[in-house]
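Presented below is the structure to which this report refers.
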Amino acid sequence: MTEATAGRPVLDARGVAKRFGAVAALRDASLTVRSGEIVALMGANGAGKSTFVKILTGALRPDSGHINLDGQDRRFASPAQARRSGIMPVYQEPSLIPDLDVADNLRLIDVATAPFRHWVNELGIPNLGLDATISHLPLATLRILDLAMTLAKEPKVLMLDEMTAALPTDLVERVLTVVRAQADSGRSVIYISHRFAEIARVCDRASVLRDGVTVGDFVIEPGVEEKIVDLMLGGIPTRAAIAGARRDADVSAGTPRLRVRNVSAGSKLADVSFDLRKGEVLGVVALEGQGQDELFDVLSGFQRPQAGTIEVDGSPASFGHPADAIAQGLSLVPGDRKDALLMLRSVRENIALPMLARPSKWGAIPMRQEAARVSEAVERLQIDMRAQGEVRRLSGGNQQKVTIGRWVAAGVQTLLLFDPTRGIDVRTKHQIYPLLRELAGQGASILFYTSELGEIALACDRTIVIFGGKVVDIIEAEDATEQNLMRAAYGLTEKRRQDTATEVTP
Amino acid sequence: MTATLARHGWALGLLAVLVILLVSTRIIQPNFGASGLDSLARAALPFAFATVGMAIVVIAGGIDLSIASIMAVAGVIAAVLMQQMGDANAGWAVLIVLLAGVGMGAINGALIVITRVPDIVVTLAMLFVWEGVALLILNAPGGASAQWMRALVAGGVTLPGVPIEWTSWLPNAFIVLVAIVLIIWLPLRRTKLVLSIYAIGSDQHAAFRSGVPVGLTRIAAYGLAGLFAALGGLAITLSTGIGEPIPGPYLLASVAAVVLGGVALTGGRGGLLGPIIAVFILRTLRLDLTLLSVDPNVTTIIEGAIMVAVVMVGGILAMRGRH
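In order, the protein sequence lines correspond to chains W and L. The opening residue of the first sequence carries number -19 in the numbering used here; numbering runs sequentially from there. The opening residue of the second sequence carries number 52 in the numbering used here; numbering runs sequentially from there.
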């Protein structure tokens, strides 16, 4: 690859910080990109990558820090300004206008047709009609068009955000070749990707973000992946003690509560199979956008799968509506509490609602019975009732307890928890893990997706890892270290996958 | 070719509906002729301008509930100015009215952009504000309008050397409408501004990421809508001869025509041709129902029903298209 230190720095960002209310998304991020260089920007979910990218491309303004472009201190007020200065991003979501045709999109951002044509051909879509309406084109084509438009504008710094995510392999090859050639001819590229294989192939250096701070900068060489994974995690082997005698001997026997086979949905969930056993907490680990959202939507009845089967307690199930899933005992606890709770109503009403939601119960409410069940749930979950009049005044942790508690009170047997501890304080988190264990001990089955890998060891019996819309690994509790999970989440477990594959296929 | 056909398919369909309606008008009322067409076109003129203005903001992904009030303000300004300045200076009065229209629209747009209050709330509030302004300028119907200008939108076309019986079928009001829309819209159609208006209506975030100045484009869209609303107000004053400070029934009618004209209420899709044809369809329908001595109140029920039906059909087609 090119001599990394040879070029002069084109983009140099130092000490960039950004807060959203009380949350510090970025504290001290920096990045240097020289001419002729491809730098990978890496970080686990929530490390602040997307905030940093938005700041560099003018979509967000930083609270502090310097962005130096070609030796000049710059502060971009809008994406338009950043583009004029030569920093041009290709975002994960295409920036094309869906209702306009290709020619109008070119005109809108002043791209000449000839260079655009050149790049589209180069990138492997030779017979594109300029009168095609964007909304009729497949996602992969749109991403290529977006890249071709950006290349046609001759950027100083090209920023690619998960450029290869929606692309078939032949197009990935083309893109990598073109991007490398761009760098070799002196252009600078920031490459954001979860795929180590691609980074190893095209990038010169990698810059690692953790908790909003740039913690390392590596020259890409064989074996650097492990170092990067360790650094993204913080280098601390956080293997929390697993509560003894967690799993009953008979848990794995018998019909599973939920049997998912070859389910696919949307453009991301490709083919997922797994069993959720009775009395089990099954972890789900995945990087952002690997199909986990679609999986939970399918299981909770928000979305119909395109293919595959779901069995509940051994009999086939199909959900056309969340109410169907709830009737089968499956209910979703979303990461965003606002999606689940009636924020302006009381704790009691929120807990009682699922018990009363069926039309057959539209009559008078059995007050005494309801009160008893609500009190029981409040007691069991230790919900702080001081601000019970309106749920929105509760802390995030207490709100999440209410969302779990309402299903516990309704007697639901399968809980689908989607990142339930997002934005919750540590103390409450540590009340939620034992609660999950306790519910599982009483026979409930829990599917638990979390973006914090450390939680897996604290709550889960087993963990499935989803990558590229497929289950790539199943990790038992004793192996669920953050390193193992992270490696698997990045698709780095080729060997182990084969060993455990037998468990996936029935 | 097929894309062009598909793009104008809806407008062609509307044109066919309009022809059927005009033929049935002739059947219901055998003496419906040149003068009937003239009064139809004159009645449709303010509706058509309101609809064009509404179409532009809807394409930009917004809505302007204050359009009828802006028309009222423009109408009374025109009536007052023309009375004071006399017939000879009526041209200046028109210029001032149009600038006032652009200003009112731009104020709507700027309020939406700056306060970030939803367009439907801002323009609902401005509906009352502009209504109050109209009443402040003229608290009862009054003022005057220039005779020579009134003549511009009345009667049929006369061409030297062509028998009047032929040309009178083409109403002046219709020619004025087509000419003005073409003069304003044709040069704009291929500009970055109009492209940007379609872009923010189609996908605001993608437009922002592409570097489109979203706020400025939105203000410009409302400004254009204000311009057409002012033309509509002017048309009312010219056809009645006086200024009327109370807003007319142009809000529902313009939204109905925009929707029937093939503009997606979600923005980004549609043109001006369809909505203009839709205006004539709705006016002719109203005329036919009146000729059939149906209660005039039923017509608003029908316009409302058409609106819901068209949006529903559009939604179903959009869902089909996605698969």
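Idealized CB from N, CA, C, for every residue including glycine. All of these numbers come straight from a predicted model, not from anything done at the bench.
Bridge partner(s) assigned by DSSP for residue i
i, result
"Pro346/W", "Paired residues: none, contrary to the question."
"Leu91/L", "The partner list for Leu91/L (beta bridge, DSSP) is empty, contrary to what the question assumes."
"Arg(-6)/W", "His46/W"
"Arg190/W", "Val193/W"
"Phe411/W", "The identity of residue 411/W in the sequence shown is Gln, whereas the question assumes Phe. Partner(s): none; Gln411/W has no beta bridge."
"Met68/W", "Leu138/W"
"Asp81/W", "Thr113/W"
"Asp441/W", "Asp441/W pairs with nothing; no bridge assigned."
"Ile454/W", "Ile444/W"
Nearest-angstrom Cα separation, counted from residue j out to residue i
i, j, result
"Leu311/L", "Gly318/L", "14 Å"
"Val169/W", "Val195/W", "20 Å"
"Ser280/W", "Tyr429/W", "14 Å"
"Gly385/W", "Leu324/W", "18 Å"
"Leu310/W", "Phe398/W", "13 Å"
"Gly60/L", "Ile251/L", "24 Å"
"Pro298/L", "Val180/L", "12 Å"
"Asp191/W", "Ala163/W", "29 Å"
"Tyr171/W", "Lys34/W", "14 Å"
"Arg241/W", "Pro285/W", "11 Å"
"Arg260/L", "Val359/L", "33 Å"
"Val362/L", "Ser165/W", "52 Å"
"Ala67/L", "Pro222/L", "20 Å"
"Thr383/W", "Val313/W", "6 Å"
"Arg334/L", "Gly152/L", "25 Å"
"Ala39/W", "Gly23/W", "20 Å"
"Arg239/W", "Leu147/W", "30 Å"
"Thr235/W", "Ile444/W", "19 Å"
"Ala468/W", "Thr242/L", "51 Å"
"Pro296/W", "Pro106/W", "46 Å"
"Arg63/W", "Ala57/W", "11 Å"
"Ile124/W", "Glu205/W", "28 Å"
"Trp199/L", "Met136/L", "14 Å"
"Ile248/L", "Leu122/W", "21 Å"
"Arg237/W", "Lys450/W", "21 Å"
"Asp210/W", "Gln463/W", "7 Å"
Beta-carbon spacing of residue i, residue j below 8 Å
i, j, result
"Gly274/L", "Ala157/L", "yes"
"Ala367/W", "Arg373/W", "yes"
"Phe176/W", "Tyr413/W", "no"
"Leu65/L", "Ala329/L", "yes"
"Gly365/L", "Ile293/L", "no"
"Leu127/W", "Val155/W", "yes"
"Arg377/W", "Ile404/W", "The sequence as given places Gly at residue 377/W; Arg does not occur at that position. In this structure, Ile404/W lies closer than 8 Å to Gly377/W by Cβ."
"Ser305/L", "Ala101/L", "yes"
"Val462/L", "Ala281/L", "Chain L is shown from 52 up to 374; residue 462/L falls before or after that span and cannot be answered."
"Arg(-1)/W", "Ala5/W", "yes"
"Leu116/L", "Leu302/L", "yes"
Contacts of residue i in chain W (Cβ-Cβ under 9 Å)
i, result
"Pro264/L", "Ser58, Ala60"
"Ser253/L", "Ile77, Pro78, Asp79, Leu80, Ile114, Ser115"
Whole-number beta carbon distance between residue j and residue i, since they are thought to touch under 8 Å
i, j, result
"Ala250/W", "Gly271/W", "7 Å"
"Leu246/L", "Arg87/W", "6 Å"
"Ala185/L", "Ser120/L", "7 Å"
"Asp150/W", "Asp111/W", "Asp150/W to Asp111/W, Cβ: 25 Å. No contact."
"Glu350/W", "Met335/W", "7 Å"
"Val70/W", "Thr130/W", "5 Å"
"Thr218/L", "Val208/L", "5 Å"
"Leu395/W", "Ile426/W", "5 Å"
"Val493/W", "Gly45/W", "Only positions -19 to 486 of chain W appear in this structure, which leaves residue 493/W out of reach."
"Ile67/W", "Thr37/W", "6 Å"
"Glu274/W", "Ala245/W", "4 Å"
Under 7 Å from the C-beta of residue i: neighbouring residues of chain L
i, result
"Ser75/W", "Ala257, Arg260, Ser261"
Amino acids of chain W, ordered along the chain, whose beta-carbon sits closer than 8 Å to that of residue i
i, result
"Arg320/L", "Asp79"
"Ala250/L", "Ile77, Leu80, Leu88"
Under 9 Å by beta carbon: chain L residues contacting residue i
i, result
"Asp141/W", "Near Asp141/W there are no residues of chain L at all, since even the closest Cβ is about 11 Å away, more than 9 Å."
"Asp84/W", "Leu246, Tyr249, Ala250"
Where residue i meets chain W, residues with beta-carbon distance less than 7 Å
i, result
"Leu244/L", "Result: empty, since nearest Cβ-Cβ is about 11 Å, beyond 7 Å."
"Ala219/L", "Here residue 219/L turns out to be Ser, not Ala, going by the sequence shown. In chain order: nothing, as chain W lies at least about 41 Å away."
Where residue i meets chain L, residues with beta-carbon distance less than 8 Å
i, result
"Arg63/W", "Gly262"
"Thr71/W", "Reading the sequence as shown, one finds Tyr at residue 71/W and not Thr. Simply Arg260."
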